[in-house]
Amino acid sequence: METGKAVLPVLGIVLLLCFSIAPISPGILMAFLVGAVFLMLGMLLFSLGVEMSMTLMGERVGTCMTKTRKLGIVILMGFVLGFIITVSEPDLQVLAEQVPSVPNLILIVAVAVGVGIFLVVALLRMLFSVALPPLLVAFYLAVFLLAFFVPDSFLAVAFDSGGVTTGPMTVPFIMALGVGIASIRNDRHASDDSFGLVALCSIGPILAVLILGLIYLPENQEYVPDAIPEFSSSVELGRYFLEELPEYMKEMAISLLPIVLFFVLFQVIFRLVPGKSLIRIGIGLVYTYAGLVLFLTGVNVGFSPAGNYLGQVLAALPYRWVIVPIGMLIGYFIVRAEPAVFVLTKQVEEITDGAISAGAMGLSLSIGVSVSLGLAMVRVLTGLSIFWFILPGYALALGLSFFVPKIFTAIAFDSGGVASGPMTATFLLPFAMGACSAVGGNIITDAFGVVAMVAMTPLITIQILGLVFRVRAAKAEGEGQEAYVSAFEGMGDMDIIEL
């Protein structure tokens, strides 16, 4: 049911557009429909697999690292873990191809080092119970200071990198790692501090790519998108999916292997889980692997061409402004199809004992991504620099962090990395690129940045949810005190003594 609710609205919107104002070729439409089937099966298996394996693995590793009571081990293991899971993230390869002025290997290593360093910072913050907002302010000030010296042609890609590197493979493990470390602490803020790891890890790639931009001084280069495939028959379509499937099987095997080896090393040394749990974890890893293979095949082969073509057709209409509300509508529903969003909303509901419900989280994320897609389409149509959106957006998000409960700040900044996953990279980004090419804009400066926009707006909407939560809590507390006082009004001294 969850998978259907996430995918079917997007499917319905695209079909409605295809049969009304934005006709697309039958071959691309069939690829989209087959991709939707792959996507739904993939999400189903991924959700089951994460619950059975990745969550348990991350929690046990985090608990074990903390129990050693050796700061050097925590720092070393944190850096190594952050490095290897980033290198294995498939979306990082896509990012490297988008930055032709920097050698692929140098960019990948730099981003992995950035994530490793910031994962260590996040772990130390949890262990020493350091408040998150001051850290976020300090690091984002450094980000924007560097951003002033980087060309616009590099800026959007740099901010995109923060969302790209926190993908469906790394987020569940990192979030579970935080829960495991927080479980060792006995203070009342432990559950609040279990969030925030993804938030800080998302900053490392941005800083790394900006620093590379200063070193390599990239020039404004023309980006040539991949050609949209066409299919003349169903047999040709099926052959195309079957040809691409082994590539994603290989990618996911490479992505999953370092995390598995890291866990096996801990299991051999520390005996983290008994035999029965190992069997369950093994089955869960198979589900996770199969789910991600099907999911990524579906979105890359089926959704990406449809998104690009749809963007071109809509932006070529006489009333091209319609792409703004349509983009907002697609953004509202498509975030629910991100694999890691399932993990985040469930974990938030469990950690807070239902105080922050999965429904409230889902609504806040949907509103945030809807706004971000609307703003992204405005950028495509007008050519405005991403700086005019990112700077005030992050200023507002960081300002709110000092007025909302700390758990909402940590969840909000985690949500930014979670929301900007493979659905954003393979459907929304091609959608923006198609629209940009139709209006004659610069794809590098005007279309890239969608991932960054999607990563930014949830920071604001979820913290606004935190403000609402705080106001309601204060109101309920005030009403409770009034009821307590009114119960004693009109009572005599003997009545009160008897009571």
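The end of the sequence shown is residue 1017 by my numbering, with every number in the run present. Glycine residues also receive a C-beta, built at the ideal position from the N, C-alpha and C atoms. Here the structure is a predicted model, which means the values were calculated and not measured.
What is the rounded straight-line gap between the Cα of L790 and the Cα of Q981?
-> Each residue's Cα considered, the two are about 36 angstroms apart.
Helix, strand or coil for I1015 per DSSP?
-> Bear in mind that the predicted position of I1015 carries a pLDDT of just 42, short of 50, making it unreliable; the figure below should be weighed with that in mind. I1015: helix per DSSP, three-state reduction.
G680 versus L902 - alpha carbon distance | Cα-Cα distance, rounded: 21 angstroms.
Exposed unless 16 or more other CB atoms sit within 10 angstroms - verdict on Y807 = By the neighbour-count definition (other C-beta atoms within 10 Å, threshold 16), Y807 is a buried residue.
Run the CB neighbour count on S538, radius 10 Å, all protein chains shown included, and call it buried at 16 or more, exposed below.
-> Exposed, since its Cβ has fewer than 16 Cβ neighbours within 10 Å.
Kindly indicate which residue of I844, M558, G802 and G967 has the alpha-carbon position closest to the one of G522.
-> With distances taken between Cα atoms, G522 lies closest to M558.
Taking the alpha helix (DSSP H) that A694 falls in, what are its first and last residues?
-> Taken as a continuous stretch (DSSP letters only), the alpha helix (DSSP H) holding A694 covers V689 to A700.
Assign F1006 to one of three DSSP states: helix, strand, or coil.
-> Note that F1006 scores a pLDDT of 43, beneath 50, so its modelled location is shaky; the value from the coordinates is reported in the next line. Coil.
With DSSP as the reference, label P621 as helix, strand or coil.
-> Three-state result, P621: coil.
Own chain, CB closer than 7 angstroms to V819, minus 5 neighbours either side, in chain order | Cβ neighbours of V819 beyond the five flanking positions: A549, G553, Y758, F759 and E762.
Residue of N960, T684 and A913 minimising C-alpha distance to P651 = Taking only the C-alpha atoms, the option nearest P651 is A913.
Unbroken stretches of the alpha helix (DSSP H), 4 residues or longer, contained in the region 626 to 679 = Within the region 626 to 679, the alpha helix (DSSP H) runs of at least 4 residues that lie entirely inside it are, in chain order, 650 to 665.
Do the region 689 to 696 and the region 573 to 580 touch if we need at least three Cβ pairs shorter than 8 angstroms?
-> With the cut-off at 8 angstroms, the region 689 to 696 and the region 573 to 580 touch.
Check whether the Cβ atoms of G600 and G634 sit closer than 9 angstroms, and answer yes or no.
-> Contact flag set, yes.
Answer yes if the region 669 to 689 comes into contact with the region 592 to 608, meaning at least three C-beta pairs across the two stretches below 8 angstroms, and no otherwise.
-> Yes: at least three Cβ pairs fall under 8 angstroms.
Who are the Cβ neighbours of G892 in its own chain at under 7 angstroms, not counting the five residues just before and after it?
-> Correct list, in chain order: V842, G845 and M846.
Other residues of its chain near A717: CB distance less than 6 angstroms, five sequence neighbours each side excluded = Exclusion of the five residues before and after A717 leaves F931 and D932 as the residues of its chain whose Cβ lies within less than 6 angstroms of its Cβ.
L718 lies in the alpha helix (DSSP H); which residues open and close that run?
-> Counting along the chain, the alpha helix (DSSP H) containing L718 begins and ends at L715 to C719.
Rounded to whole angstroms, how far is the Cβ of A915 from the Cβ of I874, which I believe are closer than 8 angstroms?
-> That pair is no contact at about 18 angstroms.
Given that a residue counts as buried once 16 or more other Cβ atoms are within 10 Å of its Cβ, and exposed if not, what is T684?
-> Buried.
Exposed or buried, what is G998 when buried is set at 16 or more other beta-carbons lying within 10 Å of its beta-carbon?
-> Classification for G998: exposed.
Leaving out the 5 sequence neighbours to the left and right, which residues in its chain are closer than 6 angstroms to E520 when beta-carbon positions are compared?
-> Correct list: empty, nothing qualifies.
Does the beta-carbon of A991 have 16 or more other beta-carbons within 10 angstroms, so that it is buried, or is it exposed?
-> Taking all protein chains in view, the Cβ of A991 is surrounded by fewer than 16 other Cβ atoms within 10 Å, so the residue is classified as exposed.
When the Cβ atoms of the region 809 to 824 are set against those of the region 591 to 600, are three or more pairs found closer than 8 angstroms?
-> No: fewer than three Cβ pairs fall under 8 angstroms.
Where do the N-terminal and C-terminal ends of the alpha helix (DSSP H) with P948 fall, by residue?
-> Element bounds for P948: L947 to V957.
P792, enclosing alpha helix (DSSP H) - first and last residue = Per DSSP, P792 lies in no alpha helix (DSSP H) segment and is marked neither H nor E.
Please report the Cβ distance between I602 and L641, rounded to the nearest whole angstrom; I am assuming they are in contact, meaning their Cβ atoms lie under 8 angstroms.
-> That pair is no contact at about 15 angstroms.
Straight-line gap, C536 to S701 (C-alpha atoms, nearest Å) | Looking at the two C-alpha atoms, the distance is approximately 50 angstroms.
Of the choices A928, L814, P723 and L983, whose alpha-carbon is the least far from that of M767?
-> When only C-alpha atoms are compared, the closest one is L814.
What are the start and end residues of the alpha helix (DSSP H) that includes K523?
-> Where K523 is concerned, the enclosing alpha helix (DSSP H) stretches over E520 to C536.
Beta-carbon proximity check, I724 vs V661, cutoff 9 angstroms = In contact: I724 and V661 (Cβ atoms closer than 9 angstroms).
Just confirm the distance between the C-beta atoms of I626 and L828, as a whole number of angstroms; I'd bet it's less than 8 angstroms.
-> Contact between I626 and L828 fails: their C-beta atoms lie close to 31 angstroms from each other, not under 8 angstroms.
Apart from the five residues just before and just after L566, which ones in its own chain have a Cβ nearer than 7 angstroms to its Cβ?
-> Closer than 7 angstroms at the Cβ level, and outside the excluded window around L566, lie Y805.
Within the present structure, is the beta-carbon of T900 separated from the nearest heavy atom of the ligand NAD by less than 8 angstroms?
-> Although the ligand NAD was asked about, the structure shown includes no ligands whatsoever.
For the candidate residues F713, L715, V986 and G886, whose alpha-carbon lies nearest to that of L937?
-> Correcting the residue type first, residue 937 is Ala in the shown sequence and not Leu. Comparing Cα-Cα distances from A937 to each of F713, L715, V986 and G886, the minimum goes to G886.
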